[in-house]
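Colleague: Let me give you the structure first, and then I'll get to my questions.
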Amino acid sequence: MGREPSPTTVYFVRHGQATRFADAADAGLTEAGVQQAVATAQFLTAQFLPAQFLTGQPVAAVYTSGARRAMDTAAILAQAWGRVAIVDPRLCERAEYDPTADMPVADFVAMWERANVQRDWQPPLGDSANACGLRMAAFVAACHAQWPGRHVVAVSHGGAIADLLHQLVTQAGLAARNPALAARPYDGAVLRECSVTVVRVDAADVTLLAAASAAHLP
């Protein structure tokens, strides 16, 4: 029998602070968001030092959703490790508000909050919460298949990361890592911009190593 592939560690980073969505359909980072991304690159580099010593390559790949705020964040991270970020649509947010569309902000918020609770409900915009979590989980499995034994960084969104955690871990498991996140998984003050959520995946299981860690942020 062949050996099982070594575990892969995936670091999910929520994008940095973006300009107000009322101002742009695809908002980029604010200056504060840029500084958050720089701080996150420095923090993750320290985590990767053993891997760099062993392989000469601290990060196998950096992936990002196609949203500008995520791509801007990923570009800063990728540059720190000599990588070019790769867009993967599985990392996109559950639904994106478009200020140029006909849906008022209040209706978008109501839609979002309903989907948080009715997880199989298909909203008029975007994905259901369960569908979002499943595509994020598929991304994790694909990373293990392609990058066994390596570190992968993925820049995504607060809702998508929360939906992923709902798929991968129990409420008790999440509470053990971050009680506030378990209580309020869709609260942006808990799952902060450029917070880091870490999962280790092997052939048999997925282990949550960190949930919305933000101690590195200014």
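In my numbering, the protein residues as written are 2 to 219. We put the beta carbon where it would ideally sit given N, CA and C, even for glycine. From a predicted model like this one, the values you see are computed outputs, not experimental measurements.
Tell me the DSSP secondary structure of V85 in three-state form.
Modeller: Along the sequence shown, read from residue 1 onward, the residue named residue 85 stands at position 84. Correct three-state label for V85: coil.
Colleague: Anyone know if the C-beta pair for H158 and E94 falls short of 8 angstroms?
Modeller: Sequence index remark: in the sequence shown, residue 158 carries index 157 (1-based). Sequence index remark: in the sequence shown, residue 94 carries index 93 (1-based). Cβ atoms of H158 and E94: closer than 8 angstroms.
Colleague: Roughly how far, in whole angstroms, is the beta-carbon of V14 from the beta-carbon of V141, given that I think they are within contact range, below 8 angstroms?
Modeller: For this step, residue 14 is matched to residue 13 along the sequence shown. For this step, residue 141 is matched to residue 140 along the sequence shown. So it is not a contact: roughly 14 angstroms between Cβ atoms.
Colleague: Measure how close the beta-carbons of R69 and G29 come, nearest whole angstrom, since I'm counting them as under 8 angstroms.
Modeller: Stepping through the sequence shown from its first residue, residue 69 is reached at position 68. Stepping through the sequence shown from its first residue, residue 29 is reached at position 28. Yes, they are in contact, since the Cβ atoms of R69 and G29 sit about 5 angstroms apart, within 8 angstroms.
Colleague: So R168 packs on A138, CB below 8 angstroms; how close in whole Å?
Modeller: The residue given as residue 168 occupies position 167 in the sequence shown. The residue given as residue 138 occupies position 137 in the sequence shown. Checking the sequence shown, residue 168 turns out to be Gln, not Arg. Indeed they touch by this definition, with Cβ atoms about 5 angstroms apart.
Colleague: What is the DSSP secondary structure of M2, counted as helix, strand or coil?
Modeller: What you label residue 2 is simply residue 1 of the sequence shown in a count that begins at 1. With a pLDDT of 47 at M2, under the threshold of 50, the modelled position of that residue is not reliable, and no figure is offered here.
Colleague: Please state whether the Cβ-Cβ distance between H217 and F44 is less than 8 angstroms.
Modeller: Sequence index remark: in the sequence shown, residue 217 carries index 216 (1-based). Sequence index remark: in the sequence shown, residue 44 carries index 43 (1-based). For H217 and F44, yes; Cβs fall inside 8 angstroms.
Colleague: Give, in chain order, every unbroken run of the beta strand (DSSP E) that is at least 3 residues long and sits entirely within the segment 53 to 127.
Modeller: 62 to 65
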